[in-house]
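So in the numbering used here, spot 32 of the sequence shown is number 56, and the numbers just go up one at a time. We treat Cβ as the ideally placed atom computed from N, Cα and C, and that holds for glycine. Below is one structure, written out as C-alpha cells, with a few remarks after it.
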Amino acid sequence: DLPVNWNSDTSGSGEEWTVVSSRWDSPVQSAFAPGRESSGEASLLSPVFELASSGGSLVFSHLYRLEPGFDGAVLEVSRNGGEWTDLMIDPSVIATGGYNRGIREGFGSAIMGQQAWSGILEVFTSVSVKLPVAWAGEMVQFRWRVVHDASSARGGWWIDNVRMEMLAEDCEPHRPEVTLALKSGVL
C-alpha cells in the first residue's frame, strides 16, 4: 500500500502505483508504476500541503525503463486545487535532474510533443525542484505521471526518497519558563 495520504490515479491501460521491493534507493521499498503496451497513464499523487513563506524544495530520486521517445514521465503541480501544470518546463525551478527527451507525435501518447523523462535510467538519480516564493501560503500538490503510447512497453518508473524541504521563518522563539523557589534555606 502507498503511504498515508498518497494516492494513485489511472486512465486507459494505466496500472495503479504500488510499493515494491524490486528496486529502491532507500531501504527497502519504492513506489512503482509498470510499463504498458497500450495507451494509458498512471499518476502518483502527493498529499496536499501549504507552502511556507520562503518557498521550498521538492527532492526525490527515480529510475525508469521507458520506451525512448514514446513513453514518458513528467512531474506536475496543482496550486490551490487548480489545473495540473508541468512543473519542469520552467528552467528556473529545476535545480537538478531535468527532462531528457521529447515524446514523439502520432503514437497515441497524452504527452506527445512535450519534454519528459524517457528512455532508460538504470541508477536512482536525484531530482531537485525549487518552489517559487511567490507561491507562499498556497496549497500545493504534486503528481508524478507516467504516460504510455500504443506500442511496446518497458519496465516502468520507480520513485523513492520523496521529501519536501521548507524553512519556517516566522516561528515564535521558544523561551522556557524557569521558576526557582527557596525551600528550607536552600535554593
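Nearest neighbour of residue i, chosen from the options [CA to CA]
i, options, result
"residue 32", "175, 165, 187, 179", "165"
"residue 161", "146, 144, 78", "78"
"residue 92", "189, 184, 175", "175"
"residue 112", "49, 47, 123", "123"
"residue 59", "190, 48, 172", "172"
"residue 219", "88, 94, 118", "This structure cannot speak to residue 219, because the chain is shown only from 25 to 211."
"residue 133", "98, 158, 52, 156", "98"
"residue 39", "61, 117, 185", "61"
"residue 157", "128, 190, 57", "190"
"residue 147", "88, 42, 41, 43", "88"
"residue 102", "43, 41, 159", "159"
"residue 115", "127, 155, 135", "155"
"residue 145", "27, 178, 128, 135", "178"
C-beta atoms of residue i and residue j nearer than 7 Å
i, j, result
"residue 68", "residue 168", "yes"
"residue 96", "residue 140", "yes"
"residue 150", "residue 109", "no"
"residue 71", "residue 104", "no"
"residue 66", "residue 34", "yes"
"residue 25", "residue 185", "no"
"residue 52", "residue 46", "no"
"residue 74", "residue 188", "no"
Anticipated Cβ contact below 8 Å, residue i with residue j, distance rounded
i, j, result
"residue 137", "residue 125", "About 12 Å separates the two Cβ atoms, so there is no contact after all."
"residue 54", "residue 183", "6 Å"
"residue 63", "residue 85", "About 28 Å; that fails the 8 Å criterion."
"residue 83", "residue 117", "Incorrect: roughly 12 Å between the Cβ atoms, too far for contact."
Heavy atom of the ligand ATP within 6 Å of residue i beta-carbon
i, result
"residue 80", "Of the ligands one can find in the structure shown there are none, so the ligand ATP has no counterpart to examine."
Beta-bridge partners of residue i, as assigned by DSSP
i, result
"residue 94", "The partner list for residue 94 (beta bridge, DSSP) is empty, contrary to what the question assumes."
"residue 100", "110, 167"
"residue 87", "182"
"residue 82", "153, 188"
Exercise. Go through the segment 110-197 residue by residue and report every complete run of the beta strand (DSSP E) that reaches 3 residues or more, in order.
Key: 118-120, 144-155, 163-172, 180-189
Quiz item: Which ranges would you report for the alpha helix (DSSP H) in the segment 29-79 if only whole runs of at least 4 residues count?
Solution: none
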